[in-house]
Amino acid sequence: MDISSRRKFLTVSLAALATAAGGATLYPLFRYLAPSRSAESGQKITLQLADIPEGGAKYFELNGTAAVLVKSKSGSLAAFSAVCTHLGCIVQWQKGQDQFLCPCHGGLFSVAGAVLAGPPPKPLEKLPFVVSGDSIVVG
Amino acid sequence: MPFLKKIYRWLNVRIGADEILEQELTGYRLPANINGWYSLGSVLLFALALQVVSGILLLVYYVPDADKAFASVTAIMNQVPFGWLIRMCHAVGSNLMVLVLILHMLSVLFMGSYKRPRELSWLSGFMLLNLVMAISLTGYLLPWSQLSFWATTVATNSFGAIPVVGGFLVEFLRGGKLVGPQTLGRFFALHVALIPLGIGALVGLHLFLLKRVGVSAPPFGLSDTGNQWQGDRYRYEDHPDGIPFFPNFVVKDLISICLYLAFLLLVVFFNPFIFFPKDAFIPANPFQTPAHIKPEWYFLANYQTLKIFPSELLGLTAQGVAMTFLALLPFIDRGRERHPLKRPLFLACSIGGIAVWIGLTIWGHYS
Chain A
1 MDISSRRKFL TVSLAALATA AGGATLYPLF RYLAPSRSAE SGQKITLQLA
51 DIPEGGAKYF ELNGTAAVLV KSKSGSLAAF SAVCTHLGCI VQWQKGQDQF
101 LCPCHGGLFS VAGAVLAGPP PKPLEKLPFV VSGDSIVVG
Chain B
1 MPFLKKIYRW LNVRIGADEI LEQELTGYRL PANINGWYSL GSVLLFALAL
51 QVVSGILLLV YYVPDADKAF ASVTAIMNQV PFGWLIRMCH AVGSNLMVLV
101 LILHMLSVLF MGSYKRPREL SWLSGFMLLN LVMAISLTGY LLPWSQLSFW
151 ATTVATNSFG AIPVVGGFLV EFLRGGKLVG PQTLGRFFAL HVALIPLGIG
201 ALVGLHLFLL KRVGVSAPPF GLSDTGNQWQ GDRYRYEDHP DGIPFFPNFV
251 VKDLISICLY LAFLLLVVFF NPFIFFPKDA FIPANPFQTP AHIKPEWYFL
301 ANYQTLKIFP SELLGLTAQG VAMTFLALLP FIDRGRERHP LKRPLFLACS
351 IGGIAVWIGL TIWGHYS
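In the order they appear, the protein sequences are chains A and B. Those letters in the first sequence? Residues 1 to 139, per this note's numbering, in order. Those letters in the second sequence? Residues 1 to 367, per this note's numbering, in order.
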């Protein structure tokens with residue numbers, strides 16, 4: 001083995017070692033800083049029907065994000081992600097008008113989550129729910 | 001590679017990178033008989049960087065609130081992925097840093113490198129030792145365990161022996177009559193902000209002095225082992241026939257850093273709780289003092305000194321005298337000779353001093 005190939009072998013070996021050491025350092029660092037996923041998926045939450053007045057809304061946290069359950073004046077129920085599809089502000093329920101208003105840029109959503117006015121590009125994300133007796137399970 | 005070379009050339013024509021590299025790396029000459037003990041400074045810089053990085057990472061999950069601190073540390077250890085690794089590196093690293101700092105000081109002491117014109121380097125190093133011990137003491141309270149709580153109670157209580165202002169000083173340190181949530185806030189601010197700033201400033205001063213005064217040659221293997229400093233004017237101690245800093249000494253530095261890292265990981269992986277007695281795993285209870293509460297190993301000699309003197313004031317005075325003597329050593333020991341074997345009085349005193357310190361530490365551990 002001549003000197004240049006020996007030097008090349010040592011350089012490559014050192015680079016491989018340094019890469020392995022870098023990986024062994026960066027992987028735990030990434031895992032340490034990455035947000036925990038296990039607690040933020042597949043969560044279900046049980047709410048009492050009596051807690052939501054006619055034409056009112058109840059906000060709660062689901063899978064690490066804000067959600068809302070509304071009961072319209074007609075008595076129908078709907079659950080949505082409360083995160084505005086424009087820039088991520090939390091939409092506010094307008095009790096008298098049966099609609100959501102995003103206070104950041106004036107986006108308006110209907111009681112069914114559809115965009116009525118303003119900059120939001122998409123309707124609010126609907127969340128599945130099941131009514132059983134006096135309670136509602138969302139998620 | 002050609003792209004990297006292009007970037008380097010772009011920088012070089014603007015800031016003269018070639019000249020800086022020549023001056024600071026290949027052209028920076030160190031004594032030809034330099035030894036591995038001289039790399040302890042680099043090991044300390046690496047250890048400090050590791051403490052800063054792991055400390056910042058711990059801040060992501062640690063909650064400095066007396067009601068939540070213990071739970072947050074428990075969560076870091078048991079729930080956060082690799083949280084145990086980060087915390088253990090920080091906790092074990094702080095102990096090893098004190099150990100390396102003491103070894104660095106001893107090497108400077110035995111090779112006579114503290115002698116003039118390096119009095120300021122010694123003083124800044126001595127202050128760094130005190131600050132590192134202070135940052136360790138303040139960090140000890142943060143997990144809010146029984147060990148943290150009562151070790152801090154005992155440590156802060158010893159200031160009460162100072163005449164006239166002692167009582168006020170204890171209350172001022174604790175933020176109240178007893179150690180409590182207000183103490184945690186104070187120690188947290190000291191641990192993560194004030195003391196790190198002081199350490200950063202002193203490390204900067206220490207390195208500045210090293211660059212201005214130059215590296216002292218070890219007194220081994222030389223015919224004349226006396227201090228060459230004239231004292232008439234400023235002179236940089238250069239070593240034109242010495243070895244270049246890069247690559248020769250950088251390799252030595254890297255070997256020492258790898259050995260340090262290997263030792264740190266050996267403790268972290270195989271005996272992580274060597275520095276954690278069982279009281280470190282019980283949340284702080286201000287109404288229940290555990291039996292046999294002991295400080296960290298590097299405070300055991302101080303702890304035992306306070307116990308063997310008939311009054312705490314005498315114990316504190318003895319420690320104060322010893323520390324002042326050590327701080328002013330370059331101004332007291334003004335002899336030219338640097339070789340330890342040619343300084344019998346120095347050798348006897350220093351070996352005696354180390355033996356007393358180790359003896360008190362062991363006594364403190366078993367008392």
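Positions of the beta carbon are idealized from the N, C-alpha and C atoms, including for glycine.
8 Å contact criterion, which residue i and residue j should meet: CB distance rounded
i: B/Pro283; j: B/Met111; result: Between B/Met111 and B/Pro283 the Cβ distance is about 47 Å, and since that is not below 8 Å, they are no contact.
i: A/Leu185; j: A/Gly139; result: Nothing about residue 185 of chain A can be read from this structure; chain A reaches only from 1 to 139.
i: B/Asp279; j: B/Pro286; result: With a Cβ gap of about 14 Å, B/Asp279 and B/Pro286 do not count as contacting.
i: B/Val132; j: B/Ile199; result: 7 Å
i: B/Ser256; j: B/Ser113; result: Going by Cβ atoms, the distance from B/Ser256 to B/Ser113 rounds to 17 Å, so no, they are not a contact pair.
i: B/Pro310; j: B/Lys115; result: That belief does not hold up - the Cβ atoms of B/Pro310 and B/Lys115 are roughly 38 Å apart, past 8 Å.
i: B/Leu30; j: B/Phe249; result: 5 Å
i: B/Ile308; j: B/Trp150; result: Between B/Trp150 and B/Ile308 the Cβ distance is about 21 Å, and since that is not below 8 Å, they are no contact.
i: B/Arg118; j: B/Val213; result: 6 Å
i: A/His86; j: A/Pro119; result: 5 Å
i: B/Leu222; j: B/Asn33; result: 7 Å
i: B/Phe269; j: B/Val92; result: At roughly 10 Å, the Cβ-Cβ gap does not stay under 8 Å, so B/Phe269 and B/Val92 are not in contact.
i: A/Leu69; j: A/Lys58; result: 5 Å
Residue i: first and last residue of the uninterrupted alpha helix (DSSP H) it sits in
i: B/Tyr366; result: 344 to 366
i: A/Lys122; result: Taken as a continuous stretch (DSSP letters only), A/Lys122 belongs to no alpha helix (DSSP H), as it is neither H nor E.
i: A/Thr140; result: The structure shown has nothing for residue 140 of chain A, since chain A only spans 1 to 139.
i: A/Ser5; result: 3 to 33
i: B/Phe3; result: 2 to 15
i: A/Ser132; result: Here A/Ser132 belongs to no alpha helix (DSSP H); instead the beta strand (DSSP E) covers 129 to 132.
i: B/Ala151; result: 146 to 157
i: B/Cys258; result: 250 to 270
i: B/Pro181; result: 181 to 189
i: B/Leu169; result: 166 to 174
Span of the beta strand (DSSP E) around residue i
i: A/Thr65; result: 65 to 71
i: A/Leu93; result: The sequence as given places Trp at residue 93 of chain A; Leu does not occur at that position. Note, A/Trp93: beta strand (DSSP E), 92 to 94.
i: A/Gln99; result: 99 to 101
i: B/Leu209; result: Looking at the DSSP string, B/Leu209 is not in any beta strand (DSSP E); the run it does join, the alpha helix (DSSP H), is 195 to 213.
i: B/Val114; result: With the sequence shown as reference, residue 114 of chain B is identified as Tyr, and Val is not the correct amino acid for it. Unbroken run through B/Tyr114: none, as it is neither H nor E.
i: B/Val51; result: Sequence check: residue 51 of chain B is Gln here, not Val. First-last for B/Gln51: 40 to 61, but that is the alpha helix (DSSP H), not the beta strand (DSSP E).
i: A/Tyr59; result: 57 to 62
i: A/Thr46; result: 45 to 48
i: A/Ile136; result: 135 to 138
i: B/Ser72; result: No beta strand (DSSP E) holds B/Ser72; the alpha helix (DSSP H) holding it covers 69 to 78.
i: A/Leu108; result: 108 to 110
i: A/Leu116; result: 115 to 117
Beta-carbon neighbours of residue i, restricted to chain A and to distances below 8 Å
i: B/Phe82; result: Pro28, Leu29, Arg31, Tyr32
i: B/Leu57; result: Leu29, Tyr32, Leu33
Chain-ordered neighbours of residue i on chain A, where CB pairs are closer than 7 Å
i: B/Leu85; result: Pro28
Contacts that residue i makes with chain A (C-beta to C-beta distance below 9 Å)
i: B/Val372; result: Chain B is shown only over 1 to 367; residue 372 of chain B falls outside these bounds and no answer can be derived.
Burial state of residue i, where buried means 16 or more other Cβ atoms lie within 10 Å
i: B/Gly55; result: buried
i: B/Arg240; result: For the sequence presented, residue 240 of chain B should be read as Pro rather than Arg. When all chains shown are included, B/Pro240 counts as exposed.
i: A/Ala79; result: buried
i: B/Lys252; result: buried
i: B/Asn78; result: exposed
i: A/Trp93; result: buried
i: A/Thr65; result: exposed
i: B/Trp144; result: buried
i: A/Tyr27; result: exposed
i: B/Leu345; result: exposed
i: A/His141; result: Nothing about residue 141 of chain A can be reported from this structure: the residues present for chain A run from 1 to 139 only.
i: B/Asn377; result: Since the first residue of chain B shown is 1 and the last is 367, residue 377 of chain B is not available in this structure.
i: B/Gly41; result: buried
i: A/Lys71; result: buried
i: B/Arg87; result: buried
i: B/Thr305; result: buried
i: B/Tyr366; result: exposed
For this session: Could you name each continuous alpha helix (DSSP H) segment of 4 residues or more that falls completely within the stretch 295 to 341 of chain B, going from the start of the chain to the end?
Result: 300 to 308, 312 to 327, 329 to 332
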